[in-house]
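Colleague: Chains as they are written, first to last, in the numbering used here: chain W, 1 to 457; chain Z, 1 to 175.
Using N, Cα and C, we set each Cβ at its ideal position, and we do this for glycine too.
In this text, all values refer to a predicted model and were calculated from it rather than measured experimentally.
(1) Quick one: any contact between the stretch 403 to 412 of chain W and the stretch 268 to 288 of chain W, if contact means 3 or more CB pairs under 8 Å?
(2) Does residue 81(Z) have its Cβ less than 8 Å from a Cβ in chain W?
(3) Is the distance from the Cβ of residue 378(W) to the Cβ of residue 272(W) below 8 Å?
(4) Would you verify that the beta carbon of residue 19(Z) is, or is not, closer than 8 Å to some beta carbon of chain W?
(5) Spell out the partners DSSP gives residue 150(Z) in its beta bridges.
(6) Out of 362(W), 275(W) and 328(W), which one is the CA nearest neighbour of residue 116(W)?
(7) Of the residues 18(W), 23(W), 134(W) and 374(W), which one's Cα is nearest the Cα of residue 435(W)?
(8) Indicate the three-state DSSP secondary structure (helix, strand or coil) for residue 107(Z) in the structure shown.
(9) Does residue 440(W) have its Cβ less than 8 Å from a Cβ in chain Z?
(10) Which residues of chain W have a Cβ atom closer than 9 Å to the Cβ of residue 78(Z), listed in chain order?
(11) Residues in the same chain with beta-carbon distance under 6 Å from residue 252(W), minus the five sequence neighbours each way, listed in chain order, please.
(12) Could you tell me whether the Cβ of residue 141(W) comes closer than 8 Å to any Cβ of chain Z?
(13) Tell me, which residues are paired with residue 9(Z) by DSSP?
(14) With a threshold of 8 Å between beta carbons, is residue 312(W) in contact with chain Z?
(15) So, does the CB of residue 1(Z) fall closer than 8 Å to a CB anywhere in chain W?
(16) Assuming residue 268(W) and residue 306(W) form a contact by the criterion Cβ under 8 Å, report the distance between their Cβ atoms to the nearest whole angstrom.
(17) Taking the alpha-carbon positions, what's the residue 35(Z) to residue 29(W) distance?
(18) Apart from the five residues just before and just after residue 442(W), which ones in its own chain have a Cβ nearer than 6 Å to its Cβ?
(19) Could you check what DSSP says for residue 205(Z) in three-state terms: helix, strand or coil?
(20) Residues of chain Z with CB under 8 Å from residue 121(W), in chain order?
(21) In the DSSP assignment, the alpha helix (DSSP H) including residue 60(Z) goes from what residue to what residue?
(22) Step through the CB atoms of chain W and report whether any lies within less than 8 Å of the CB of residue 169(Z).
(23) How should residue 210(W) be labelled, buried or exposed, when 16 other C-beta atoms within 10 angstroms of its C-beta is the threshold for buried?
(24) Quick check on DSSP: helix, strand or coil for residue 212(W)?
(25) Can you confirm whether residue 165(W), when its beta carbon is compared against all beta carbons of chain Z, has any partner nearer than 8 Å?
(26) From residue 64(W) to residue 85(Z), what distance separates their C-alpha atoms?
(27) Beta-carbon of residue 8(Z) versus every beta-carbon of chain W: anything under 8 Å?
(28) Tell me whether the beta-carbon of residue 478(W) lies closer than 8 Å to the beta-carbon of residue 138(Z).
(29) Does residue 164(Z) have its Cβ less than 8 Å from a Cβ in chain W?
(30) If you draw a straight line from the C-alpha of residue 411(W) to the C-alpha of residue 79(W), how long is it?
(31) Would residue 77(Z) and residue 156(W) be called neighbours here (beta carbons separated by less than 8 Å)?
(32) Would you say residue 113(Z) lies against chain W (beta-carbon separation less than 8 Å)?
(33) Residues of the stretch 227 to 244 of chain W with a CB closer than 7 Å to any CB of chain Z: list them in chain order, please.
(34) Between which two residues does the beta strand (DSSP E) holding residue 34(Z) run?
(35) Since residue 102(Z) meets chain W, which of its residues come closer than 7 Å, beta carbon to beta carbon?
(36) Should residue 114(Z) go down as buried or exposed, given a rule of 16 or more other Cβ atoms within 10 Å for buried?
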């Protein structure tokens with residue numbers, strides 16, 4: 001008996017041929033950038049410059065310029081750190097986990113999502129470094145090197161050190177994975193390049209790739225193994241980030257639910273950021289045939305799933321606080337929902353628990369405007385989640401006499417702005433100089449996709 | 001100085017025709033120098049007789065190395081070189097060392113495998129590639145045959161490639 005499955009929607013529309021893929025993507029690298037790109041670049045560079053001022057003052061005067069006090073010793077810096085690391089989860093998830101699951105729709109978005117991952121991880125790593133006060137020491141104080149005054153080593157029992165290893169491994173492996181994918185595409189640009197400078201530039205980047213059958217065979221096994229290695233790695237990174245809190249004894253942090261809760265929150269915010277960026281890129285670069293409504297819908301489905309897991313986690317935390325019968329734990333949660341930071345808590349609840357549920361409606365999850373707005377709402381919500389977890393657990397600590405509030409200063413905001421400026425500047429440079437869609441992968445599915453497209457018509 | 005290398009190139013644009021062509025050419029006992037494509041071709045490895053890559057083994061070996069390094073690093077620094085009492089606990093114990101064991105295993109495995117791949121395929125930033133046809137990274141699939149490798153004459157090879165359904169048959173000489 002022959003079973004014929006219903007034909008899936010095509011992943012590439014517009015009857016593209018293999019040659020069209022090369023032209024459509026390479027033209028973005030070769031042509032002058034559009035005016036909208038120039039404008040976007042100008043805005044993000046201004047954010048970078050304003051932010052740089054705040055960073056300079058932070059490093060010059062010390063972190064006393066921030067709004068921290070002796071009760072709330074961690075606030076925006078760690079919130080931003082966790083938020084950016086979370087955003088950095090989508091790229092490698094898309095390229096690794098979806099590769100193992102043979103989800104071909106990832107091919108149109110994986111390149112940009114991975115680039116976003118890499119820049120987001122750099123943004124995240126900035127914050128602990130700035131918080132150390134002396135940026136330059138951060139590079140080797142955290143490394144397992146014998147200390148200058150003896151052979152005292154870094155403390156391997158500390159979750160903060162695990163974080164150093166987790167984030168740097170994640171960064172390096174993601175970078176390598178991304179670069180391996182770029183090599184054949186750089187070769188394509190090299191072979192089309194007309195002037196000597198770009199030929200030499202992309203020639204160097206392409207590592208002399210020509211696409212022989214033996215090389216492709218090796219390339220495919222490297223991709224598969226890297227995906228296999230990156231899959232547990234993605235899940236481990238935010239797990240270890242959550243250990244920074246979960247292994248402490250602060251009420252509100254000391255819970256075993258943190259690892260899965262943080263990982264799903266990370267994927268949730270990561271996909272939201274991918275959507276925010278890709279919807280704009282798609283429009284500006286006219287990639288409608290490659291990133292179809294179907295792609296947007298698939299990503300929205302991931303958002304419903306992870307958003308719901310996050311919602312369940314919030315409720316579980318509350319339930320467990322009550323069920324534990326530990327007064328301090330109970331107070332931490334009551335204080336979150338009704339204390340002076342209740343507004344932040346309810347922004348988080350609305351943005352993360354209620355808003356993604358709107359995607360159950362097909363009309364909303366296939367609407368570009370609704371998706372764009374909700375993707376931003378989700379990321380605002382996820383920022384508040386980290387803020388709520390961190391600040392509300394600290395600001396009313398064990399001694400009521402030391403209870404305090406946290407108010408950000410200009411420098412808190414400015415350093416955050418700096419990370420935005422860095423992120424968007426890097427992303428726009430990437431979008432101009434690198435192929436934004438993985439051409440080689442798209443070419444490998446173009447036949448099967450156009451065949452199914454014909455069959456539908 | 002090397003002598004000039006003469007190649008005959010068969011240019012195709014359909015994967016199925018290409019794979020059939022490779023089969024036909026090999027059936028005539030003709031040695032294929034290389035098949036170039038802008039994207040990975042599925043099923044070509046068996047037809048060309050390419051063995052499965054041993055890179056997964058390299059990845060495993062580097063992973064084991066990373067794991068051993070992590071175990072050694074943590075137990076030696078924390079337990080032997082400079083033992084310290086932290087929080088009244090043992091100098092060394094396995095659970096807090098697991099995250100770094102995992103991370104270093106993955107890190108060395110990934111970097112080692114990719115490094116091996118670059119060496120095995122001779123990919124490096126300053127490499128001047130031999131480009132048989134600039135379209136091999138765009139939309140054409142090319143079979144390259146080295147005339148010196150084969151006993152057949154150039155004309156015979158030309159007609160054989162034509163028969164397999166090639167769109168073009170070109171010469172390429174590297175000096």
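Modeller: In brief:
(1) Of all C-beta pairs linking the stretch 403 to 412 of chain W to the stretch 268 to 288 of chain W, fewer than three are shorter than 8 Å, placing the two stretches out of contact.
(2) Yes, residue 81(Z) counts as interfacial toward chain W.
(3) Yes; because the gap between Cβ atoms is below 8 Å, this pair is in contact.
(4) No, residue 19(Z) lies away from the interface with chain W (no Cβ there is under 8 Å from its Cβ).
(5) In DSSP, residue 150(Z) forms no bridge with anything.
(6) Comparing Cα positions, the closest option is 275(W).
(7) When only C-alpha atoms are compared, the closest one is 23(W).
(8) Here residue 107(Z) sits in helix by DSSP.
(9) Yes, residue 440(W) counts as interfacial toward chain Z.
(10) Neighbours of residue 78(Z) in chain W, taken as residues whose beta carbon is under 9 Å from its own, are 153, 155, 156 and 157 in chain order.
(11) Contacts found: 332 and 393.
(12) Not closer than 8 Å to any Cβ of chain Z, the Cβ of residue 141(W) fails to qualify, so no.
(13) Paired residue(s): 144(Z) and 170(Z).
(14) At least 8 Å separates the CB of residue 312(W) from every CB of chain Z.
(15) Bear in mind that the predicted position of residue 1(Z) carries a pLDDT of just 42, short of 50, making it unreliable; the figure below should be weighed with that in mind. Look at residue 1(Z): its C-beta is not under 8 Å from any C-beta on chain W.
(16) About 4 Å separates the beta carbon of residue 268(W) from that of residue 306(W), a gap short enough to meet the 8 Å contact definition.
(17) Rounded to the nearest whole angstrom, the C-alpha separation of residue 35(Z) and residue 29(W) is 28 Å.
(18) In its chain, beyond the 5 residues on either side, 21 and 107 have a beta carbon closer than 6 Å to the beta carbon of residue 442(W).
(19) Chain Z is shown from 1 up to 175; residue 205(Z) falls before or after that span and cannot be answered.
(20) The premise fails here: residue 121(W) is roughly 14 Å from chain Z at the closest Cβ pair, so nothing lies under 8 Å.
(21) Per DSSP, the continuous alpha helix (DSSP H) segment holding residue 60(Z) begins and ends at 55 to 75.
(22) No, residue 169(Z) lies away from the interface with chain W (no Cβ there is under 8 Å from its Cβ).
(23) Burial call: buried.
(24) Note: residue 212(W) maps to strand in three-state DSSP.
(25) Among the CB atoms of chain Z, one or more fall inside 8 Å of the CB of residue 165(W).
(26) If you take the alpha carbons of residue 64(W) and residue 85(Z), they lie about 32 Å apart.
(27) No, no contact with chain W.
(28) Residue 478(W) lies beyond the range of chain W shown here (1 to 457); nothing can be said about it.
(29) Not one chain W Cβ lies under 8 Å of residue 164(Z).
(30) Their Cα atoms are separated by approximately 15 Å.
(31) Contact: yes.
(32) Yes, contact with chain W.
(33) Answer set for the stretch 227 to 244 of chain W: 229, 233, 236 and 240.
(34) Here the beta strand (DSSP E) through residue 34(Z) covers 34 to 36.
(35) Under the 7 Å cutoff, chain W gives 236.
(36) By the Cβ neighbour-count rule, residue 114(Z) is buried, with 16 or more other Cβ atoms within 10 Å of its own.
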